[in-house]
Amino acid sequence: MIELGIIGTNWITQQFVDAIKLAKTYELVSVYSRKLGTAKSFAKGNGAKETFDDLKKFFKDGKFDTVYIASPNSLHFEQAKLAIESGKNVIVEKPAFSNQKQMTEIQELLSDHPSVLFFEGARNVHTPNFQAMEDQLGKMKIVQGAEFTYSKYSSRYDKVLGGEEPNVFSLKYAGGALQDLGVYTAYDAVALFGMPEEVAYFPQLIRTGVDGKGTAILKYPEYTVTLNFSKISNSTMPSEIYGLKDFIQLDDAGEIEKVTYTDASGEQHLLSGEKLANPMLPEAQDFARVINDPNNEQNKKDYAYWCQLSVYVNKLLFNLRQDAHISFVGDQD
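Counting in the working numbering, the sequence shown runs from 104 upward without gaps.
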């Protein structure tokens, strides 16, 4: 049984905790929050044994072997460093880190702690529906690009309109659309097509200085891939991968609940399975499989692939920000 500690007590953490209950391979043991009362409330509701409001004590005294980090983006790096140095496996919510310097330092630290495993929580690429889409793509004779869209209005944007600056819309906390919903589209593109040769990002900046929405163009040798994402508007526009007369369509680039393939004759084939009980369950199961048996050859192969994806996506996000001249406070550290 994997003994889990968590950093952060927001809705995404609750969803992950609900997922591990379904996975039945984890036990929530330790909860950290900056406010002890918040940690105790979350622990009581989810059966955790111990709570902390001191991060160093959390890592020193916490009786867990794996930590799930779901704090504001800008805090991921330092918290992941502490975890690795403490010998704890790390599951960090996307985006793992804010820039390439941070990613490089974490990779070097992992090399110095070979028994520690590191995972980025990009749930979409772990789902059976993503695998079905990837399998179908491999059968297409010609590929002529793709468009991935993921747009959901954030309730926190109401606070921005009211004059506040929530973490997810703050340069200080490495916020913005690209660093949130855009990560899913970036993972889709990199997992399916690899790293692009050139990139361009056209953001719509909001009052706080971050991108509320944006369009990214990824140039590959024979086609382009377009990423559309927004936290300040809604969209039901599907995502598509183009063949010649055939194409793959998915409901959106993040949840991927419905995937269809339309062949050259116009006949539509449903590729997706039943809706998941929890969208984070497949990644929780994948991570547990590797943690519990890290020397299995398939697990080693999968783990190396996920790590490489994380590095590539980090580089892509950074390059897109550079193109759009969006800088975070942590970029100067």
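Glycine is no exception: its CB is placed at the ideal position from the N, C-alpha and C atoms.
So, helix, strand or coil for residue i, using DSSP?
i, result
"Leu-321", "strand"
"Ala-289", "helix"
"Asn-417", "helix"
"His-179", "helix"
"Ser-368", "coil"
"Thr-169", "strand"
"Tyr-260", "helix"
"Thr-128", "coil"
"Leu-107", "strand"
"Leu-240", "helix"
"Phe-233", "helix"
"Val-219", "coil"
"Ala-116", "It should be pointed out that residue 116 corresponds to Thr in this sequence rather than to Ala. Helix."
Is residue i near residue j, with beta carbons less than 8 Å apart?
i, j, result
"Thr-207", "Leu-379", "no"
"Phe-251", "Val-313", "no"
"Ala-249", "Ser-177", "no"
"Ala-280", "Lys-334", "yes"
"Ala-294", "Leu-419", "no"
Candidates the options: which alpha carbon is nearest residue i's?
i, options, result
"Lys-152", "Glu-358, Leu-264, Ser-413 and Ala-142", "Ala-142"
"Ser-254", "Val-414, Phe-167 and Thr-339", "Thr-339"
"Gln-247", "Tyr-256, Ser-257, Tyr-323 and Leu-308", "Tyr-323"
"Lys-124", "Thr-154, Met-104 and Asp-426", "Met-104"
"Pro-306", "Met-298, Asn-232 and Ile-320", "Ile-320"
"Glu-237", "Pro-397, Asn-399, Asn-417 and Glu-343", "Glu-343"
"Val-416", "Ser-201, Gln-234 and Tyr-129", "Ser-201"
"Asp-396", "Ala-235, Ile-172 and Ser-218", "Ser-218"
Note down, in chain order, each residue of its chain lying with its Cβ closer than 7 Å to the Cβ of residue i, except the 5 sequence neighbours on either side.
i, result
"Gln-239", "Ile-351, Tyr-364 and Leu-374"
"Phe-390", "Ile-194 and Phe-222"
"Ser-174", "Ile-110, Gly-111 and Gln-182"
"Arg-310", "Val-263"
"Leu-185", "Leu-158 and Phe-162"
"Phe-296", "Tyr-323 and Val-328"
Tell me which residues share the same chain as residue i and place their Cβ nearer than 6 Å to its Cβ, disregarding the 5 neighbours each side in the sequence.
i, result
"Asn-331", "Thr-252 and Thr-318"
Is residue i close to the ligand NAD? I mean its beta-carbon at under 7 Å from any heavy atom of the ligand.
i, result
"Ile-209", "Questions concerning the ligand NAD fall outside what the structure shown contains, since it holds no ligand whatsoever."
What does DSSP give as the partner residues of residue i in its beta bridges?
i, result
"Lys-316", "Gln-307 and Ser-333"
"Leu-373", "Thr-363"
"Asn-192", "Thr-169"
"Ile-344", "Ala-249 and Ile-351"
"Glu-153", "Ser-133"
Counting only the same chain and skipping the five closest in sequence on each side, list residues whose C-beta sits under 8 Å from that of residue i.
i, result
"Lys-138", "Asp-156"
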